[in-house]
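In our numbering, the protein residues as written are 2 to 332. For every residue, glycine included, the Cβ atom is placed at its ideal position computed from N, Cα and C. For reference, the structure discussed in these notes is given below.
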């Protein structure tokens with residue numbers, strides 16, 4: 002059995018709306034939809050029947066879907082309350098049609114954080130979504146901004162899964178070639194966001210927050226020791242801000258966070274297990290995107306080499322514990 006916490010989906014109807022609105026470069030094409038400058042969209046993103054068949058064929062017991070990051074937040078744009086509601090309702094529509102093997106993640110009102118808790122509560126309670134999907138910034142605004150504190154508090158109180166996927170908070174010309182944004186920029190965005198959350202004391206205040214990081218946490222795990230250096234610096238490079246909100250070294254908070262398996266190589270997966278323990282690793286695919294692990298071709302062989310109990314925990318056990326009673330009939 003497999004629980005996949007990292008997948009993306011949009012309904013055909015919603016993509017048609019975006020194309021009519023000329024939003025995000027979405028284009029209606031004879032063969033489906035295109036994304037300006039990136040060619041056609043994979044039909045598995047919006048063809049619900051095909052996506053559901055793929056999930057069933059691969060033995061996925063539950064796949065959690067969220068909108069692709071580019072339409073959730075970007076360097077100069079983020080979902081307001083109205084657009085977040087549209088996103089969440091279309092995710093609920095996708096899940097309802099796709100069937101019991103799917104669950105949906107709700108997007109908060111990013112540019113109107115005063116409404117973030119209300120929209121998340123509505124989406125969970127009325128739309129029946131399973132958890133929360135967060136980008137790594139809100140239109141470039143860091144998530145450790147105090148305005149987002151009620152959102153983290155509510156997510157921790159509810160005990161819902163919070164899946165974090167990088168988006169573009171920093172725009173640089175160097176990201177515009179060789180797919181550098183996805184390959185290097187996004188993993189760095191994750192590290193920047195979560196390091197700020199750690200130093201801001203978010204995990205100190207909300208120990209029950211069930212945060213899952215896409216792409217194995219990006220570059221964050223490799224920075225564990227470096228973050229501790231800032232906390233421990235005694236004199237010339239000491240920064241009081243790196244100690245005032247936390248009571249222990251930053252690397253210790255990494256063990257409160259969960260990480261998916263979309264790391265594309267066995268070595269970083271082994272490193273993650275060694276760093277935070279097998280209980281913090283969950284299976285993810287980044288379905289249906291090719292610069293991911295859409296059918297598990299990278300992760301599954303690596304997981305198969307692990308002890309049986311460890312493999313079972315990563316494939317479904319850890320995610321099942323995170324989800325708890327939020328999907329009682331799914332797993």
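Excluding the 5 residues preceding and the 5 following residue 75 in the sequence, name in chain order all residues of the same chain whose CB lies nearer than 6 Å to its CB. Here residue 75 refers to the residue found at position 74 when the chain shown is read from its first residue. Only 169 meet the Cβ criterion.
Output yes or no for whether 8 Å exceeds the beta carbon distance between residue 81 and residue 112. Your numbering for residue 81 matches position 80 in the chain shown. Your numbering for residue 112 matches position 111 in the chain shown. Against a cut-off of 8 Å, the Cβ pair of residue 112 and residue 81 comes out as a contact.
Counting Cβ pairs closer than 8 Å, one from the stretch 56–71 and one from the stretch 109–124, do we hit at least three? no
Taking DSSP as the reference, what is the three-state secondary structure of residue 51? Your numbering for residue 51 matches position 50 in the chain shown. Helix at residue 51.
Residue environment, residue 330, which counts as buried when at least 16 other CB atoms sit within 10 Å: Working through the chain shown from its first residue, we reach residue 330 at position 329. Legend: pLDDT at residue 330 = 43, less than 50; position of this residue unreliable, no value from coordinates given.
Nearest neighbour of residue 117, chosen from 219, 280 and 133 [CA to CA]: Here residue 117 refers to the residue found at position 116 when the chain shown is read from its first residue. Taking only the C-alpha atoms, the option nearest residue 117 is 133.
Local conformation of residue 163 per DSSP, three classes: For the purposes of this step, residue 163 is taken as residue 162 along the chain shown, with counting starting at 1. Residue 163 falls in the strand class under three-state DSSP.
Between residue 66 and residue 95, how many whole angstroms is the CB-CB distance? I'm expecting something under 8 Å. What you label residue 66 is simply residue 65 of the chain shown in a count that begins at 1. What you label residue 95 is simply residue 94 of the chain shown in a count that begins at 1. Yes, they are in contact, since the Cβ atoms of residue 66 and residue 95 sit about 6 Å apart, within 8 Å.
How big is the Cα-Cα spacing for residue 167 and residue 309? Here residue 167 refers to the residue found at position 166 when the chain shown is read from its first residue. Here residue 309 refers to the residue found at position 308 when the chain shown is read from its first residue. If you take the alpha carbons of residue 167 and residue 309, they lie about 31 Å apart.
Would a C-beta distance cut-off of 8 Å place residue 6 and residue 294 closer than the cut-off? By one-based count along the chain shown, residue 6 stands at place 5. By one-based count along the chain shown, residue 294 stands at place 293. No, the pair does not count as a contact, with Cβ atoms beyond the cut-off.
Proximity below 8 Å, CB of residue 230 to CB of residue 195: Working through the chain shown from its first residue, we reach residue 230 at position 229. Working through the chain shown from its first residue, we reach residue 195 at position 194. Taking 8 Å as the cut-off, the Cβ atoms of residue 230 and residue 195 do not count as close.
Whole-number beta carbon distance between residue 154 and residue 207, since they are thought to touch under 8 Å: The residue given as residue 207 occupies position 206 in the chain shown. The residue given as residue 154 occupies position 153 in the chain shown. Between residue 154 and residue 207 the Cβ distance is about 6 Å, and since that is below 8 Å, they are a contact.
For residue 286, count neighbouring C-beta atoms within 10 Å of its own C-beta (all shown protein chains included) and say buried if the count is 16 or more, exposed if not. The residue given as residue 286 occupies position 285 in the chain shown. Its Cβ being crowded by 16 or more others within 10 Å, residue 286 is buried.
Reduced DSSP secondary structure (H/G/I, E/B, other) of residue 324: Within the chain shown, residue 324 is the residue found at index 323, counting from 1. In the structure shown, residue 324 sits in a helix (DSSP, three-state: H, G or I).
Going by other Cβ atoms of all chains shown within 10 Å of its Cβ, with 16 needed for buried, is residue 281 buried or exposed? Here residue 281 corresponds to residue number 280 of the chain shown, with the count starting at 1. Residue 281 comes out buried.
Does the Cβ-Cβ distance between residue 44 and residue 33 come in under 8 Å? The residue you call residue 44 lines up with position 43 of the chain shown. The residue you call residue 33 lines up with position 32 of the chain shown. Result yes, Cβ atoms of residue 44 and residue 33 sit closer than 8 Å.
Excluding the 5 residues flanking residue 248 on each side, which residues of the same chain have their C-beta closer than 7 Å to its C-beta? Looking up residue 248 in the chain shown gives position 247. These residues qualify, in order along the chain: 205.
Should residue 305 go down as buried or exposed, given a rule of 16 or more other Cβ atoms within 10 Å for buried? Taking the chain shown and counting its residues from 1, the one referred to as residue 305 is at position 304. Counting Cβ neighbours within 10 Å, residue 305 comes out exposed, since fewer than 16 surround it.
Need the endpoints of the alpha helix (DSSP H) that residue 258 sits in, please. Numbered from 1 along the chain shown, position 257 holds the residue referred to as residue 258. Careful: residue 258 lies outside any alpha helix (DSSP H) and carries neither H nor E.
Evaluate the contact criterion for the stretch 90–110 versus the stretch 6–20: three or more CB pairs, one atom per stretch, below 8 Å. They touch, by the three-pair rule.
Check each candidate in 88, 105, 17 and 31 and name the one with the smallest Cα separation from residue 8. Here residue 8 corresponds to residue number 7 of the chain shown, with the count starting at 1. If we check each option's Cα against that of residue 8, 105 comes out closest.
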